[in-house]
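The structure under discussion appears below in the form of structure tokens.
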Amino acid sequence: MALKDPAQKALLMRAGNRSLEPMRRALLEHGHKCELEYRFAPGRKWRFDLALPEFKIALEVQGGIFTRGRHVRGPALLKEWEKLNAAAALGWRICYCQPSDVASGEALKILNTCCRKGVATKCS
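Residue numbering for the sequence shown is 1127 to 1250, as defined by the working numbering.
Here it is, written out as structure tokens:
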């Protein structure tokens, strides 16, 4: 299915999130509202790779962890911790995975379990 909205298409191109689109659609089919590249902190440019705002659950895909990618280098890691600490202070729960977990469906299972089993409660 080709996306016609240029803004949504641009979001999918960022950070390789094209691979998250099928998972987003699957979550929508399970009745979960979710967004790619979700900005969670007013006044900051921080984004989650995928978020379920009604539950305050986010997914962060940690690519390049075995190839000295961004997520394992000191300066970038410190910035990531700042972002994640701010998210925790705002009540967010973060799930982590690697790209292969998205491709295999494991990341989708984790998010569905969090929403279904009451790990998270809907936020008002």
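We put the beta carbon where it would ideally sit given N, CA and C, even for glycine.
Next on the checklist: Among the candidates Ile-1183, Ala-1212, Leu-1176, whose CA atom is the shortest distance from the CA of Leu-1162?
Outcome noted: The candidate whose alpha carbon is nearest that of Leu-1162 is Leu-1176.
Item to check | Integer-rounded CB distance, given that Arg-1150 should sit under 8 Å from Glu-1160 | outcome: Note that residue 1160 corresponds to Cys in the displayed sequence, not to Glu. Yes, they are in contact, since the Cβ atoms of Cys-1160 and Arg-1150 sit about 6 Å apart, within 8 Å.
Checklist entry - Who are Leu-1234's beta bridge partners in DSSP? => result Looking at the DSSP assignment, Leu-1234 forms no beta bridge with any residue, so it has no partner.
Checklist entry - Mapping DSSP to helix, strand and coil, what is Leu-1100? => result Shown here, the chain extends from 1127 to 1250; a query on residue 1100 therefore has no answer.
Item to check | Anticipated Cβ contact below 8 Å, Cys-1221 with Glu-1232, distance rounded | outcome: In fact, because the Cβ distance is near 10 Å, the residues do not count as touching under 8 Å.
Item to check | First and last residue of the uninterrupted alpha helix (DSSP H) at Glu-1155 | outcome: 1147 to 1155
Checklist entry - With DSSP run on the structure shown, which of helix, strand or coil describes Cys-1223? => result strand
Next on the checklist: Does Ala-1184 come out as helix, strand or coil in the three-state DSSP assignment?
Outcome noted: strand
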